[in-house]
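Residue numbers (the numbering used here), protein chains in the order written: chain A, 1 to 774; chain B, 775 to 840.
Even glycine gets a Cβ: it sits at the ideal position worked out from N, Cα and C.
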Amino acid sequence: MPIDSSDPSGVSDNPSDSESADRGAAGEGDSNAPPKVEAAKAAPSAKDQARELVTYDEDIVRKFATASVVWGLVGMLVGLWIALQLAFPALNITRYFAFGRLRPLHTNAVIFAFAGNAIFAAVYYSSQRLLKARMFSDVLSRIHFWGWQTIIVCAALTLPLGITQGKEYAELEWPIDLMIAVVWVTFAVNFFATLRVRREKHIYVALWFYIATIVTIAVLHIFNNLAIPAGLFKSYSIYSGVQDAFMQWWYGHNAVAFFLTTPFLGLMYYFLPKALGRPIFSYRLSVFHFWSLIFLYIWAGPHHLHYTSLPGWASSLGMIFSVMLWMPSWGGMVNGLLTLRGAWHKVAEEPVLKFFVVGITFYGMSTFEGPMMSIKSVNALSHYTDWNIAHVHGGALGWVAFMSFGMMYWLAPRLFQAPLHSKKWASTHFWIATVGMALYVVSMWAAGITQGLMWRAFDETGRLQYPDFLETSSRLIPMYWVRALGGTMYLGATILGAYNLFRTWQARPKTYAPVTVSVPKMLVGKGASTAAFWHRKYEGMPLVFTILVALAIIVASAFEIIPTFLIGDNIPRIASVKPYTPLELHGRDIYVREGCYNCHSQMVRPFVDETVRYGEYSKPGEFIYDHPFQWGSRRIGPDLHRQGGLRSNLWLYRHFELPTSTSPGSVMPPYPHLVTESVDWATIQKRVGTMAMLGVPYDANTLNNGGAMARKQAEEISAALVTEGGPTVPADREVIALIAYMQRLGTDIKAKPAAEKQASVPATSAPVAATGGN
Amino acid sequence: MRMSELVSNMTPSTMTEIALILFVIVFVAVTSRVMRRKARVQCDEAAQLPLFDDTAGEAGVSARRS
């Protein structure tokens, strides 16, 4: 462990010993003041001969900080737009800006563009200083920066075009995934090489959090995105159904953990002491915080899948570790807040500290709420509702964004070498954003609990009190307006903040003064002094440390992943479940492309209210050909898993063309282009082949004549539409494929006698009663 | 014994129990490490790191004798 990496000889010939007394005077309470850039003393004395000058790369920090602010505005604007779409569906303008395509754009923009660039700004600024070294390679830094921005632009172009893998926060298609991997490795190489040439022995705790981020995100990204391409812009996940769901939420939850939590904790452990001019409350607590957090976090993913077809043991394991996670999280929060003890008066004066204090408080709140929601009985109510949306925005707006804003306001005068344009504006930003955030979170709590209770309500005659799903959605519209108001305030406050930073930038000097420090010279090779010895000795520590981190996350992952893949009983086969026909497969691709999973689940939970509302609860064996799974995480519309055969073809046709024609009051966007766009039969053939590569057992006929089979089935549906009194729709229209898919959904287990149903879980077994209140 | 057999023979709670034991081991290891008297001194010094990183002439905590 790094804290134990002290020089055993107790001897150091480092010349800075005599300077350690200077340290006490270096507090930096006034974060508004321009930085004191001290040029190193010109003529080095004899004492300084073993030293050299290092100039930090400030330009790369300026780049990432600016990108974070710009993309933050874009991401929040898209967020506000989709919030308004739910209250006012007419804002679903064209297929490209419909909710199902814009929602992934919003999540990707705020996570990977806004938060991502803020993380990189924090890492590049603090690592250089904590390591007393310039980044290893300016070229790698630039490749990282421009590569990351290119990825963001690609995301912004492809997601509205419907190019998606259909897995939340992992929507980007395989060519972009490859770019992410390359850029991430570039970043990692640059970071670890900087660690290697560092002139500071101890690796400060903030850097531990960065290391955990770099290692874990790489592992998560690679394993969740393993897919077989079926074209330049289309791929199928190598996992299916239960296993795909498990991998996705292992990834999804740990993206929250290692992209939105650990790097921001690193940020907190560095920038909070800087802004306050005093060290963190307890460094030892930070060590606990780090190891417990990274060890526990990685297990928690399955809590996203309670009461689904995921095996119960995985679900319980996820829940237990999620509840345990509460403690280290609060250890971190307490550590942050207690750093302020005796200095609370500074919070009143200093906007930077205001952002940090509320940010850390929201970290505490979200990390209490999360474990609570991971308890199965609470999750039975909260899952698929806006409570999730409230929870995630408490974390995103409160923790991630506020820590970023605090850092930006602290960095701006230093990076731009000019005083912050207006401290008052920064305070105004803080207050408007805080009130906006409160409106957002409270309205979504109300919406989530309202809808959750309405779904499970039975009247005195034993019937569902709100059998029409639409009623449970329409009831939320007033809360959606409140949410939109909160979001508008938050975005407005951010615009004010961005303008404040822009004005600060305008006041910059003509040329930036370089930030240069004097550091011990690194001596290598023969005849090196003891200085070189101690350096050599601890060069290896980051490696040991990184291996320990990797071990912590891999052991935990293996404990959940290996059994999920190895235990055959976890996913009992159902003989009557067959692969999708080529046309249905294409319909499913359209379902993925339009982002239907953003509003519809395909997972009937084993609760009385759900089986009464939707039908038989979902079985693991029903999803074995689902590459990727489409269980969803939010029901803005009803569950669709038992949709097959429920409605006529004509009803579905009209519903896709104009949802309000069949469901007055629906907030679903219309999809008129499905009626005009044609299916490419050759593509279907290719995609069937790709599915076969993944192990889907298509027969020889399907593999050779998939296109023709699809056309035949499409013609039947087209004819059926006319029989039902509908319009004449050419067989090659996309809507026909989507209807084929919808009519197939969840029907396989109805197709054969009960004897063929899975043995271990009889279909007639009593569903688990929904908890409480029924 | 093959891995799949081994895993199949576990009861659902086995994984949870092993996980818990692993966590306790990690926790005890970190605790014993961090609570040593020597660690306290090192930690107090390490905590100072962010505060002295901008000024010229600083070399870092590592140079100081504990």
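Tell me which residues share the same chain as residue i and place their Cβ nearer than 7 Å to its Cβ, disregarding the 5 neighbours each side in the sequence.
{"i": "phenylalanine 264 of chain A", "result": "Trp399, Val400 and Met403"}
{"i": "alanine 227 of chain A", "result": "Gln165, Trp174, Ser235, Tyr236, Ser237 and Ile238"}
{"i": "glycine 725 of chain A", "result": "Leu650"}
{"i": "valine 69 of chain A", "result": "Met408, Ala498 and Leu501"}
{"i": "threonine 788 of chain B", "result": "none"}
{"i": "glycine 645 of chain A", "result": "Gln743 and Thr747"}
{"i": "leucine 470 of chain A", "result": "Ser663, Gly665 and Ser666"}
{"i": "glycine 162 of chain A", "result": "Arg101, Arg593 and Glu594"}
{"i": "alanine 67 of chain A", "result": "Asn117 and Gln149"}
{"i": "asparagine 32 of chain A", "result": "Unreliable positioning characterises asparagine 32 of chain A in this predicted model, as indicated by a pLDDT of 48, which lies under 50. A coordinate reading is not provided."}
{"i": "tyrosine 617 of chain A", "result": "Val604, Arg605, Pro606, Glu610, Thr611 and Pro767"}
{"i": "isoleucine 217 of chain A", "result": "Trp184, Phe258 and Phe259"}
{"i": "methionine 709 of chain A", "result": "Thr581, Pro582 and Thr702"}
{"i": "valine 722 of chain A", "result": "Thr728"}
{"i": "proline 371 of chain A", "result": "Ser322, Val323, Leu325 and Trp326"}
{"i": "arginine 503 of chain A", "result": "His421"}
If I measure Cβ to Cβ from residue i and keep anything under 6 Å in the same chain, skipping five residues before and after, which residues do I get?
{"i": "isoleucine 60 of chain A", "result": "Tyr124 and Ser141"}
{"i": "leucine 293 of chain A", "result": "Pro328"}
{"i": "alanine 793 of chain B", "result": "none"}
{"i": "serine 137 of chain A", "result": "Asn190"}
{"i": "glycine 395 of chain A", "result": "Ser366"}
{"i": "aspartate 177 of chain A", "result": "Asn225"}
Count the other CB atoms within 10 Å of the CB of residue i; is the residue buried (16 or more) or exposed (fewer)?
{"i": "lysine 551 of chain A", "result": "For the sequence presented, residue 551 of chain A should be read as leucine rather than lysine. Its Cβ having fewer than 16 others within 10 Å, leucine 551 of chain A is exposed."}
{"i": "valine 408 of chain A", "result": "A small correction: the amino acid at residue 408 of chain A is methionine; valine does not occupy that position in the sequence shown. Classification for methionine 408 of chain A: buried."}
{"i": "phenylalanine 62 of chain A", "result": "Checking the sequence shown, residue 62 of chain A turns out to be arginine, not phenylalanine. Buried, since its Cβ has 16 or more Cβ neighbours within 10 Å."}
{"i": "aspartate 827 of chain B", "result": "buried"}
{"i": "threonine 55 of chain A", "result": "exposed"}
{"i": "isoleucine 795 of chain B", "result": "exposed"}
{"i": "methionine 742 of chain A", "result": "buried"}
{"i": "asparagine 701 of chain A", "result": "exposed"}
{"i": "proline 659 of chain A", "result": "buried"}
{"i": "tyrosine 96 of chain A", "result": "exposed"}
{"i": "tyrosine 270 of chain A", "result": "buried"}
{"i": "isoleucine 736 of chain A", "result": "buried"}
{"i": "proline 606 of chain A", "result": "buried"}
{"i": "valine 182 of chain A", "result": "exposed"}
{"i": "asparagine 783 of chain B", "result": "exposed"}
{"i": "tryptophan 249 of chain A", "result": "buried"}
{"i": "glutamate 171 of chain A", "result": "buried"}
{"i": "isoleucine 777 of chain A", "result": "Here chain A covers residues 1 to 774 and nothing more, so residue 777 of chain A does not appear."}
{"i": "histidine 345 of chain A", "result": "exposed"}
{"i": "alanine 90 of chain A", "result": "exposed"}
{"i": "threonine 472 of chain A", "result": "buried"}
{"i": "threonine 511 of chain A", "result": "exposed"}
{"i": "aspartate 589 of chain A", "result": "buried"}
{"i": "valine 544 of chain A", "result": "exposed"}
Sorted by chain position, which residues of the same chain lie with C-beta nearer than 8 Å to residue i's C-beta, five sequence neighbours on each side aside?
{"i": "methionine 693 of chain A", "result": "Ile228"}
{"i": "arginine 103 of chain A", "result": "Ile82, Gly595 and Asn598"}
{"i": "threonine 428 of chain A", "result": "Ala493 and Leu496"}
{"i": "aspartate 57 of chain A", "result": "Tyr124, Gln128, Arg134, Met135, Asp138 and Ser141"}
{"i": "methionine 76 of chain A", "result": "Val110, Phe114, Gly487, Tyr490, Leu491 and Thr494"}
Could you tell me how far apart the beta carbons of residue i and residue j are, in whole angstroms, since I believe they sit closer than 8 Å?
{"i": "tyrosine 597 of chain A", "j": "glycine 632 of chain A", "result": "5 Å"}
{"i": "tyrosine 307 of chain A", "j": "alanine 380 of chain A", "result": "6 Å"}
{"i": "proline 776 of chain A", "j": "isoleucine 571 of chain A", "result": "Absent from the structure is residue 776 of chain A, since the part of chain A shown begins at 1 and ends at 774."}
{"i": "leucine 415 of chain A", "j": "glutamine 451 of chain A", "result": "Not confirmed; about 45 Å, so no contact."}
> For the segment 244–276 of chain A, which residues have a CB atom closer than 7 Å to at least one CB atom of chain B, in sequence order?
Replying inline: Tyr270, Pro273 and Lys274
> Quick one: complete alpha helix (DSSP H) runs, 4+ long, within the segment 651–723 of chain A?
Replying inline: 659–662, 673–676, 681–693 and 700–723
>> Against chain B, which members of the segment 194–224 of chain A pass a CB distance test of less than 8 Å?
In response: Arg199, Glu200, Lys201, His202, Tyr204, Val205 and Ala206
> For the segment 284–310 of chain A, which residues have a CB atom closer than 9 Å to at least one CB atom of chain B, in sequence order?
Replying inline: Arg284, Leu285, Ser286, Val287, Phe288, Phe290, Trp291, Ser292, Phe295, Leu296 and Trp299
>> Quick check on the DSSP output: what are the complete beta strand (DSSP E) runs of length 3 or more inside the segment 197–285 of chain A, in order along the chain?
In response: The segment 197–285 of chain A contains these whole beta strand (DSSP E) runs: 227–229 and 235–237.
> In chain order, what residues of the segment 552–565 of chain A put their CB closer than 8 Å to some CB of chain B?
Replying inline: Ala552, Val555, Ala556, Phe559, Glu560, Ile562 and Pro563
>> In chain order, what are the residue ranges of uninterrupted beta strand (DSSP E) at least 3 long that sit wholly in the segment 64–96 of chain A?
In response: Complete beta strand (DSSP E) runs here, min 3: none at all.
>> Residues of the segment 307–332 of chain A in Cβ contact with chain B at a cutoff of 9 Å, in chain order, please.
In response: Pro311, Gly312, Trp313, Ala314, Ser316, Leu317, Ile320, Phe321 and Met324
>> What are the residues in the segment 139–161 of chain A lying within 8 Å of chain B by C-beta distance?
In response: none
> Can you list, in chain order, the stretches of the beta strand (DSSP E) that have 3 or more residues and sit fully within the segment 361–431 of chain A?
Replying inline: none
> Looking at chain A, which residues of the segment 784–807 of chain B have a Cβ within less than 9 Å of any of its Cβ atoms?
Replying inline: Met784, Thr785, Pro786, Ser787, Thr788, Met789, Thr790, Ile792, Ala793, Leu794, Leu796, Phe797, Val800, Phe801, Ala803, Val804, Thr805 and Arg807
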